[in-house]
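In my numbering, the protein residues as written are 1 to 422.
Glycine included, every Cβ here is placed at the ideal spot set by N, Cα and C.
Take a look at the structure set out below.
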Ligand SMILES: [Zn+2]
């Protein structure tokens, strides 16, 4: 369906760095491979000195390739590998990634790395109307370029401070002194206001990387006990991965997450939540089950929740949640590069289980626009293939299939994230 390519995308989720920062970097093939393809090479066995060589920007390109190649041969068929291959082929005109073509690839990436890159890739080649940009580090807000982006803000560091240093950083960020629960809440409120002024269109949370995402209803009294212990440095924090299952200040975190939801409710701001597969290598997948969030859907019926990444491997749970709760939406961001087949299978099923207004078809979820382009191409291909099959099955007419494509790729996410642009 060529008509699907003509639909301008509302891209629900990106990590793209500002263009002026990007063109100042010495970006090469290994930079692009560093997000996310490298994680599958690590999964395939790349480690230790060889991994250090791949990541060493001062090492000769051929030496880096030698370390990269054996694992690339194993990992290149995954969705991340496919996206990288599409980006290199379509944007840099190199069909095969190999030791022989590496120098050409790097030359072309460097030649193109100049102002105008984002206009070319995001608008001209990808036909992206606008993207929801994640703030990475939650420093003082500054609005991204409105030509390409609207702005999502995270408040996770207000929800889950683990040390006095963390508290000090929040005081600095907001100019609010934090000596008790009320202080921490005021600091979060200040940051929320600053973010609204900077153009925030929605809240984003990635706490599933750090802990289980069930947020119990905890009294102020209990949360105050926790923060007093924190301010007096009373509890030790388990190190490394153990901290993702043992949370010494869990009651405080739970209470503050509800405070954040109340702010979202008061200001009518949608909430994006990471669910399912974690980026990187190594985590507790069960922490990120979308059904952990069910109490929130009851307690905050007017807050619109956008659940990320198909909650993979819990896409069945997500489908049920979106079917029974009017305020739960399904987001295919990151999904088409996790697996095309997964995305097609899930879409086939969800078109039958969930009202069509609740499906968001594409979110690039990349640091480099070349890869967002590849992801957009994969998303359009998957959606158009499923809709073609649906027409063949007699599920809908061709006109209806096009209406569905337009809803998934533009209208549904635009309804949630385009409110400042209208
Ligand atoms: Zn992301």
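Going by C-alpha positions, residue 262 is about 36 Å away from residue 345. Under the DSSP assignment, residue 245 falls outside any beta strand (DSSP E); it carries neither an H nor an E label. In the three-state reduction of the DSSP assignment, residue 362 falls in the coil class, being assigned neither a helical nor a strand state. Contact check for residue 354 against residue 374 fails: the beta carbons are separated by 7 Å or more. Runs of beta strand (DSSP E) with 3 or more residues, each lying fully within the segment 197-270, are found at 200-205, listed in chain order. Taken through DSSP and simplified to helix, strand or coil, residue 293 comes out as helix.
Taking the Cα positions, residue 87 is about 44 Å away from residue 252. Burial of residue 370 is indicated by the presence of at least 16 other C-beta atoms within 10 angstroms of its C-beta. Here residue 130 is buried: its Cβ has 16 or more other Cβ atoms, across all protein chains shown, within 10 Å. For residue 153, DSSP records a beta bridge to 203. Taking 7 Å as the cut-off, the Cβ atoms of residue 149 and residue 133 count as close.
Taking C-beta atoms under 8 Å as the contact rule, residue 29 and residue 91 fail to qualify, at a distance of about 12 Å. In this model, residue 312 and residue 100 are separated by some 37 Å (Cα to Cα). Between residue 21 and residue 299, the alpha-carbon positions lie close to 41 Å from each other. Burial state of residue 168 is exposed, judged by a 10 Å Cβ sphere holding fewer than 16 other Cβ atoms. Put simply, the segment 8-17 touches the segment 403-420. At least three CB pairs are less than 8 Å apart. For the alpha helix (DSSP H) assignment, the uninterrupted runs of no fewer than 4 residues enclosed by the segment 271-337 are, from N- to C-terminal side, 294-299 and 315-324.
In the three-state reduction of the DSSP assignment, residue 145 falls in the coil class. By the C-beta density criterion, residue 24 is exposed, having fewer than 16 other C-beta atoms within 10 angstroms. Our two residues, residue 65 and residue 76, have alpha carbons roughly 14 Å apart in a direct line. Restricting attention to 240, 141, 278 and 171, the CA atom closest to the CA of residue 194 is found in 141. Per the C-alpha coordinates, the member of 241, 191, 119 and 144 positioned closest to residue 159 is 191.
Rounded to whole angstroms, the Cβ separation of residue 201 and residue 419 is 7 Å, and the two are in contact under 8 Å. For residue 4, the enclosing alpha helix (DSSP H) covers residues 2-5.
The Cβ atoms of residue 4 and residue 356 do not sit closer than 7 Å to each other. Apart from the 5 residues on each side of it in sequence, residue 292 sits with its Cβ closer than 7 Å to the Cβ of 212, 213 and 214 in its chain, given in chain order. Straight-line spacing of the CA atoms in residue 326 and residue 362 works out to 21 Å.
For residue 315, the number of other beta carbons within 10 angstroms of its own is at least 16, and it is reported as buried. Only residues of its own chain outside the window of five on either side were considered, and among them 41, 44 and 45 have a CB closer than 8 Å to the CB of residue 74, listed in chain order.
Rounded to the nearest whole angstrom, the C-alpha separation of residue 271 and residue 71 is 38 Å. Spanning the alpha carbons of residue 329 and residue 207 requires a straight line of approximately 19 Å. Going by beta carbons, residue 308 and residue 275 fall inside the 7 Å limit. Comparing alpha-carbon positions, the option among 117, 196 and 181 lying closest to residue 143 turns out to be 196.
The beta carbon of residue 59 is closer than 8 Å to those of 53 in its chain, skipping five residues each way along the sequence. For residue 175, the CB stays at least 6 Å from every heavy atom of ligand 1.
Remark: the C-beta of residue 365 is in contact range of ligand 1, defined as less than 6 Å to any heavy atom.
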